[in-house]
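A.B. asks:
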Amino acid sequence: RLGEWVDEGDGKIRLRCPVASETLREVAGYMRHRKGIEADPLIKPLRSRNMSRNVPEWEAKWIDGIALLGRRKLYDLAVAAEKLEIRCLKELACARIACLIKGCNNEEIGSILDPESIATDRAISQD
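In my numbering, the protein residues as written are 11 to 137.
1. Could you check what DSSP says for residue 199 in three-state terms: helix, strand or coil?
2. Ends of the alpha helix (DSSP H) at residue 86?
3. Measure the CB-CB distance between residue 59 and residue 113 and report whether it falls below 8 Å.
4. Checking 8 Å against the spacing of the C-beta atoms, do residue 109 and residue 61 come in under that value?
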């Protein structure tokens, strides 16, 4: 569900959306690429920490690009996909998060999953 239309009483109708406009732009870019075609469900468990071994090349590069903007952007994208009920995007974002934590110890996982943490993302190995 994208949101709800609200009559502001001044002749304007606004869309109240539960997703930040910056994140919504990323969602729209992904949806334009998909052209309304739902992606196949991801094979689980993930084959590799390298996203290009888990999903088609464009999607791997796109989600890795989002991750390079910071974990907060990646988490926001996963939440937006959940709120907007876009299963394939939610799976893609969650798979990228899973790649971040795969092979980490409990302390590293805690740091990675804490969006307020200033620790840097662990690099994806090419295994």
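In this text, a Cβ means the ideal position worked out from N, Cα and C, and glycines have one as well.
C.D. replies: The short version:
1. Any question about residue 199 goes unanswered here, given that the chain covers just 11 to 137.
2. In this chain, the alpha helix (DSSP H) harbouring residue 86 covers 81 to 93.
3. In terms of Cβ geometry, residue 59 and residue 113 form a close pair [threshold 8 Å].
4. Residue 109 places its beta carbon less than 8 Å from that of residue 61.
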